[in-house]
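Peer 1: Residue numbers (full-length UniProt numbering): 1 to 725.
Positions of the beta carbon are idealized from the N, C-alpha and C atoms, including for glycine.
Please read through the structure below; I'll follow up with questions.
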């Protein structure tokens with residue numbers, strides 16, 4: 001600093017100092033802000049070294065396209081293909097799109113933008129971001145890591161299942177197209193379990209999972225699934241080992257290939273007989289459903305998980321962006337691509353299921369027509385009941401329904417004894433399937449009726465593998481990025497170690513009862529903890545850090561002021577909506593009995609069973625363990641049992657802005673460090689930041705008497721703490 005500067009003159013004079021740092025800076029001589037640095041730590045500033053560290057400190061995406069594809073690959077996952085279509089069918093068809101779109105705009109988009117902004121602004125993983133914004137809520141980052149770990153454990157098992165089906169698809173006919181024949185002495189008979197269910201159901205439960213009758217029957221490891229899980233974790237490890245340098249390249253394929261497959265399936269599906277029936281059934285709106293609170297709760301939950309909020313993956317990916325990247329555009333683009341992908345997947349699913357429903361309906365007509373012929377031959381039914389134009393050799397669904405109504409009217413008293421089905425197409429279309437039931441049973445059964453079915457099966461399961469891999473890379477980034485940032489461990493070693501540890505723990509999911517553990521983790525390990533995490537993220541930014549301050553920093557970072565819409569959604573709308581969602585989730589957990597659908601081999605059917613006591617203990621432990629870092633870190637930092645960061649103090653002039661990071665310093669100590677005066681000589685409080693002039697604000701400077709503006713943890717003006725965290 002020049003010796004004749006006003007700050008230096010004031011510092012060496014005996015005059016009582018009454019001006020704040022902001023006042024001093026306002027009267028300071030003009031300097032080149034790009035090169036000027038005020039260093040009060042006593043270290044020598046090396047201009048060249050500083051520039052190199054700033055450029056090399058953090059990896060960066062090779063291009064904007066690579067980053068967008070990574071965010072799309074992370075947010076667009078298996079849920080878009082097998083969860084959204086089910087919810088759409090269950091909750092009013094086309095009418096469900098209205099609450100979903102409304103909640104996407106008022107909850108999903110603002111919170112997604114918030115996570116993108118804090119990650120890009122602070123350039124750290126979830127642990128570093130929330131330690132910086134509010135150290136006492138630093139447990140948010142650790143809770144996110146734990147939830148990512150729980151979800152990654154079972155999510156990769158689903159990729160393993162897809163890998164198994166992928167390799168089984170390279171044969172004709174497909175192995176799940178027909179029931180296996182077993183020899184009983186000299187007689188060949190159809191496998192009983194398959195005959196009583198279906199070929200695809202048998203292949204899924206017996207050939208793939210070799211599932212036990214309950215969660216209490218372990219049955220040992222399924223070696224086929226164990227190998228597939230090993231392959232799945234190897235793929236994830238290879239994609240993640242070099243950080244975004246390796247995972248970014250994988251995203252070019254894993255993000256784009258599913259869209260190619262979906263478009264191909266849509267074109268092929270629309271050419272199938274009955275596809276239009278499925279699509280019309282799907283999008284016929286049931287407007288009365290829009291008044292059901294349960295529909296809105298499920299729509300909010302789907303929005304919440306579809307965008308990957310709270311996991312830390314969004315923050316991790318955005319932390320590798322440049323400071324001036326337009327993250328508002330990114331948030332809007334990815335959110336609506338996610339929505340349109342869900343709609344596209346729904347079109348594909350119900351075009352194919354419409355075809356399957358027509359096939360099953362024709363099969364039903366043939367089977368029941370044979371029953372009627374039998375009754376006619378045994379004189380149980382009179383030939384007079386059959387309309388004269390009906391031809392049993394070319395029986396249409398319309399002719400069968402006409403015949404069915406006549407028989408039901410005449411034989412009203414004894415109709416049930418005949419055992420005839422109505423064979424309505426609507427009934428087939430109303431059979432709700434989701435999750436593994438959709439992907440590995442219903443969809444696979446439909447593909448067996450496709451011409452060149454192995455080709456379509458290979459494409460479908462390769463699409464599932466890529467959808468899962470994209471989401472797994474984001475989920476694992478939610479673990480590796482914050483841990484590597486915080487604890488400075490070696491990237492390659494930690495990534496490999498994390499994958500090996502996850503594979504070993506994940507063996508619980510590839511025993512014969514493993515599918516029941518997948519259901520448990522899917523239902524209970526993430527929903528409630530993540531809802532709490534996102535609420536606290538919202539509160540930390542909007543109410544503790546300050547919405548006005550955050551908006552001002554976004555203005556400086558983006559080069560334009562975000563819409564007022566975000567101010568009000570972050571401050572009021574999103575926290576209230578998320579609190580309502582959390583309450584509804586807790587009520588739902590209390591009302592719904594904790595149980596699972598077990599496959600009973602002897603009955604060849606699913607049966608709902610309650611979790612045993614030990615499984616309930618695991619279930620409750622999952623929720624507690626995922627939420628434990630939140631109160632634990634708060635207590636430790638509230639009572640100063642652990643440090644909230646480094647003890648370094650740095651003040652930097654850069655592009656006309658000042659950034660300061662202080663830990664474990666009192667307000668008087670701050671002033672003493674900066675002005676080299678004893679506390680008694682510096683009574684003026686330090687201004688913490690230049691705030692965004694939000695609604696009702698008319699002051700150009702917002703003053704704070706708090707020790708450091710955020711629980712005594714330091715304060716931020718506008719630049720990024722690229723080396724202080």
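Look up residue 606 in the DSSP assignment and say whether it is helix, strand or coil.
Peer 2: Three-state result, residue 606: strand.
Peer 1: Can you tell me whether DSSP reads residue 239 as helix, strand or coil?
Peer 2: The answer is helix: DSSP assigns residue 239 an H, G or I state.
Peer 1: Given 8 Å as the limit, is there contact between the stretch 314-325 and the stretch 385-395, that is, 3 or more CB pairs closer than that?
Peer 2: No: fewer than three Cβ pairs fall under 8 Å.
Peer 1: Should residue 235 and residue 510 be called a contact, given that it needs their Cβ atoms to be closer than 8 Å?
Peer 2: No, Cβ-Cβ distance for residue 235 and residue 510 is not below 8 Å.
Peer 1: Alpha carbon to alpha carbon, how far is residue 598 from residue 216? Give it in angstroms, no decimals.
Peer 2: Their backbone Cα atoms lie some 11 Å apart in a straight line.
Peer 1: Which residues in the same chain have their Cβ closer than 6 Å to the Cβ of residue 350, if we skip the five residues on either side of it in sequence?
Peer 2: Result list for residue 350: 278, 279, 282, in chain order.
Peer 1: Runs of 4 residues minimum, wholly inside the stretch 381-422: which ones carry the alpha helix (DSSP H) assignment?
Peer 2: Counting whole runs of 4 or more residues, the stretch 381-422 contains the alpha helix (DSSP H) stretches 397-410, 415-418.
Peer 1: Spell out the partners DSSP gives residue 189 in its beta bridges.
Peer 2: According to DSSP, which records beta bridges pairwise, residue 189 is partnered with 182.
Peer 1: Under the three-state reduction of DSSP, which class applies to residue 369: helix, strand or coil?
Peer 2: Helix at residue 369.
Peer 1: Can you grab the Cα-Cα spacing for the pair residue 534 / residue 252, in whole Å?
Peer 2: The straight-line gap from Cα to Cα measures roughly 29 Å.
Peer 1: Under the three-state reduction of DSSP, which class applies to residue 546: helix, strand or coil?
Peer 2: Note: residue 546 maps to helix in three-state DSSP.
Peer 1: Is DSSP giving residue 600 helix, strand or coil here?
Peer 2: Residue state, collapsed to three classes: strand.
Peer 1: Would DSSP call residue 424 helix, strand or coil?
Peer 2: Reduced to three states, the DSSP call for residue 424 is coil.
Peer 1: Helix, strand or coil for residue 511? Go by DSSP, reduced to three states.
Peer 2: Strand.
Peer 1: Count the other C-beta atoms from every protein chain shown that fall within 10 angstroms of the C-beta of residue 537, then say buried if there are 16 or more, exposed otherwise.
Peer 2: With 16 or more other Cβ atoms within 10 Å, it is buried.
Peer 1: So if DSSP puts residue 344 in a beta bridge, which residue, or which two residues, is it bridged to?
Peer 2: Answer is none; residue 344 lacks a bridge partner.
Peer 1: Looking at residue 144 and residue 310, is the spacing between their C-beta atoms short of 8 Å?
Peer 2: Yes. Within cutoff.
Peer 1: If you draw a straight line from the alpha carbon of residue 376 to that of residue 284, how long is it in whole angstroms?
Peer 2: Going from the Cα of residue 376 to the Cα of residue 284 covers about 40 Å.
Peer 1: Determine, using beta-carbon pairs with one atom in the stretch 334-347 and one in the stretch 255-273, whether at least three such pairs fall under 8 Å.
Peer 2: Yes, they touch.
Peer 1: Check whether the Cβ atoms of residue 132 and residue 140 sit closer than 8 Å, and answer yes or no.
Peer 2: Contact flag unset, no.
Peer 1: Would you give the residue range spanned by the alpha helix (DSSP H) that residue 584 belongs to?
Peer 2: Element bounds for residue 584: 574-591.
Peer 1: Quick check on this structure: which residue in 304, 80, 60 has the alpha carbon closest to the alpha carbon of residue 526?
Peer 2: Among 304, 80, 60, the Cα nearest to that of residue 526 belongs to 304.
Peer 1: May I ask you to report which of helix, strand or coil DSSP gives residue 278?
Peer 2: Three-state result, residue 278: helix.
Peer 1: Let me know the secondary structure DSSP gives residue 221 once reduced to three states.
Peer 2: Strand at residue 221.
Peer 1: Look at the Cβ atom of residue 109, then the Cβ atom of residue 331, and state whether they are nearer than 8 Å.
Peer 2: Cβ distance < 8 Å, so residue 109 and residue 331 count as in contact.
Peer 1: Of the choices 619, 634, 515, 520, whose alpha-carbon is the least far from that of residue 211?
Peer 2: Nearest option by C-alpha distance: 515.
Peer 1: Excluding the five sequence neighbours on either side, which residues of its own chain have a C-beta within less than 8 Å of the C-beta of residue 402, listed in chain order?
Peer 2: Around residue 402: 387, 390.
Peer 1: Take residue 555 and list the residues in its own chain whose beta-carbon comes closer than 6 Å to its own, dropping the five residues that flank it on each side.
Peer 2: Hits under 6 Å: 561.
Peer 1: Mapping the DSSP letters down to three states, classify residue 595 as helix, strand or coil.
Peer 2: Three-state DSSP puts residue 595 in a strand.
Peer 1: Are at least three pairs of beta-carbons, each pair with one atom in the stretch 164-176 and one in the stretch 235-250, less than 8 Å apart?
Peer 2: They do not touch, by the three-pair rule.
Peer 1: Could you tell me whether the stretch 282-302 touches the stretch 490-504, where touching means 3 or more Cβ pairs closer than 8 Å?
Peer 2: No, they do not touch.
Peer 1: Between the Cα of residue 154 and the Cα atoms of 415, 569, 524, which residue gives the shortest distance?
Peer 2: It is 524.
Peer 1: Do the stretch 613-624 and the stretch 566-576 touch if we need at least three Cβ pairs shorter than 8 Å?
Peer 2: Counting Cβ pairs under 8 Å, fewer than three are found: no touch.
Peer 1: Is the stretch 472-479 touching the stretch 174-186, taking contact as three or more C-beta pairs under 8 Å?
Peer 2: The answer is no - the stretch 174-186 does not touch the stretch 472-479, with fewer than three Cβ pairs under 8 Å.
Peer 1: Let me confirm a value: residue 267 is counted as buried when at least 16 other C-beta atoms fall within 10 Å, else exposed. Which label applies?
Peer 2: Classification for residue 267: exposed.
Peer 1: What are the boundary residues of the alpha helix (DSSP H) that includes residue 170?
Peer 2: That residue, residue 170, is in no alpha helix (DSSP H); it is neither H nor E in DSSP.
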